[in-house]
Amino acid sequence: MPQASSNKTGSSRDIGIDLGTANTLVYARGHGIVLNEPSVVAVRAGTTAAVAVGTEAKETIGRTPGSITAIRPLQGGVICDYEAAEEMIRHFVRKAVPGRRPRTRMVVCVPSGVTPVERRAIIHASTRAGAKAVHLIEEPMAAAIGAGLPVSEPRGSMVVDIGGGTTEVAVISLGGIVTSRSLRVGGDRLDAAIIDYVRKEHSLLIGERTAEDIKCAIGSAWPVPGSPELEERTFTVRGREKVAGMPKTLELTAYDVRSALDEPVEAIIAAVRTTLEECPPELSGDVMEYGIVLTGGGALLPGLELRLASATGIPVFVAENPLDCVALGSGKCVEDMDTLNSLLSPAK
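For the sequence shown, my numbering assigns the number 366 to the last residue and increments by one with no breaks.
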């Protein structure tokens, strides 16, 4: 069983990878986050040959000819297309660690709810992509470290990491996860909810990219005090009429989008409540005192912290740099393997 090296100086080849459903971030030792690209691979139909990876591949989603297919190798935070995932990881590692160098040591973030089979798939794909050693760290732990929470202290810290494919909820104390929930609800589910709402309420068909644009422009989970301009915003949606099949345009309001997002947001709140119910009383008191920290791209949804605070009665804060917390947490493991060795899960 490979063990994390106890070399404090380490090597610039050591990297941490936030292997996300929507985006992959790579942290290189001594350099910080050196890569942030969409987790998308464009392949030629009938083959496994990748014609584009990352940013270039995302531009092709919904616009590819029949001979090229744009796919996401990860769904719900785990690998669903092994060959495409291996090609994607290899491509990103080459960009992050250019030149002819020995094989790289990787710290890879995984959802807390992954199965042993899914863990082995991530380890194998990373090894085939050029890793000489692979260590797995659970995403909520990495997010908490990246957010600066005192995970090694005898104090309960609660983090809610809302990524592209999953939401990870965990209470952490003394370097371990005390109780957690891994929910297959994230940014992609929010986009899908908008697509479903527009189709059902307005008989209009739109794509993933349009739904994401709507969410970023006027999406919210709760009316935001002091921001009446957000409530007044509208978004011009262009798509295909469901019955006639002709192009159609409509105006969506912030209220429309909030209604569309209600179901997945409630699912996240339910996961937080369940985790709190399973938390030991002493740690519950710590969470009440210090609050809940939101990380991940979903943390940027306006009003989410207010709605979550209202539902739980606990203060909720958004991390300083929510999009990068998981990658930064893996990077801290890479920077100091000695201190954080107990947090890592060695590859088996």
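Beta carbons are placed, not taken as given, at the ideal position from N, Cα and C, and that holds for glycine.
Nearest-angstrom Cα separation, counted from residue j out to residue i
i, j, result
"residue 173", "residue 190", "8 Å"
"residue 290", "residue 335", "14 Å"
"residue 214", "residue 298", "39 Å"
"residue 46", "residue 115", "8 Å"
"residue 103", "residue 243", "42 Å"
"residue 160", "residue 351", "9 Å"
"residue 301", "residue 175", "8 Å"
"residue 59", "residue 281", "30 Å"
"residue 247", "residue 278", "20 Å"
"residue 48", "residue 149", "18 Å"
"residue 33", "residue 269", "45 Å"
"residue 152", "residue 144", "7 Å"
"residue 349", "residue 138", "22 Å"
"residue 31", "residue 52", "12 Å"
"residue 196", "residue 263", "52 Å"
"residue 166", "residue 188", "15 Å"
"residue 308", "residue 128", "26 Å"
"residue 54", "residue 90", "15 Å"
"residue 28", "residue 162", "Confidence at residue 28 is low in this model, with a pLDDT of 44, below 50, so its placement is unreliable and the value that follows should be read with caution. Going from the Cα of residue 28 to the Cα of residue 162 covers about 23 Å."
"residue 134", "residue 292", "24 Å"
"residue 132", "residue 98", "12 Å"
"residue 228", "residue 245", "24 Å"
"residue 339", "residue 177", "14 Å"
"residue 124", "residue 296", "33 Å"
Cβ distance (whole Å) where residue i is taken to contact residue j below 8 Å
i, j, result
"residue 126", "residue 154", "6 Å"
"residue 275", "residue 218", "Their Cβ separation, rounded to whole angstroms, is 14 Å, which puts residue 275 and residue 218 out of contact at 8 Å."
"residue 78", "residue 68", "Contact flag wrong, Cβ pair sits at about 12 Å."
"residue 107", "residue 147", "4 Å"
"residue 329", "residue 203", "The pair is not a contact, with the Cβ atoms about 15 Å apart (cut-off 8 Å)."
"residue 332", "residue 310", "6 Å"
Nearest residue (CA-CA) to residue i, options the options
i, options, result
"residue 315", "33, 40, 251 and 301", "40"
"residue 109", "56, 237 and 347", "56"
"residue 156", "148, 185, 142 and 150", "185"
"residue 241", "273, 218, 233 and 228", "273"
"residue 36", "354, 351, 353 and 344", "344"
"residue 313", "347, 268 and 225", "347"
"residue 212", "196, 193, 194 and 236", "236"
"residue 337", "286, 164 and 293", "164"
"residue 225", "245, 196 and 256", "256"
"residue 94", "142, 38 and 123", "38"
"residue 72", "42, 188, 141 and 341", "42"
"residue 341", "100, 141 and 179", "179"
"residue 100", "140, 122, 134 and 65", "140"
"residue 304", "245, 168 and 228", "168"
"residue 105", "142, 308, 307 and 166", "142"
"residue 44", "122, 228 and 162", "122"
Cβ-based neighbour list, residue i, same chain, cut-off 6 Å, excluding 5 preceding and 5 following
i, result
"residue 136", "96"
"residue 239", "283, 319, 321, 322 and 325"
"residue 205", "40, 182, 315 and 316"
"residue 230", "209"
"residue 207", "282"
"residue 87", "61 and 63"
"residue 130", "156, 158, 186, 198 and 200"
"residue 294", "none"
"residue 249", "272"
"residue 216", "222 and 224"
Cut-off 8 Å between Cβ atoms - residues of its own chain near residue i, not counting five sequence neighbours on either side
i, result
"residue 259", "221, 222, 223, 265 and 266"
"residue 170", "192 and 193"
"residue 261", "221"
"residue 50", "349"
Residues of its chain near residue i, where Cβ-Cβ distance is below 7 Å and the 5 sequence neighbours each way are ignored
i, result
"residue 271", "252"
"residue 112", "none"
"residue 66", "101"
"residue 327", "333 and 334"
"residue 85", "62 and 63"
"residue 306", "332"
"residue 254", "267 and 269"
Proximity test, residue i beta-carbon vs the ligand FAD heavy atom, cut-off 8 Å
i, result
"residue 48", "This structure does not include the ligand FAD; it has no bound ligands of any sort."
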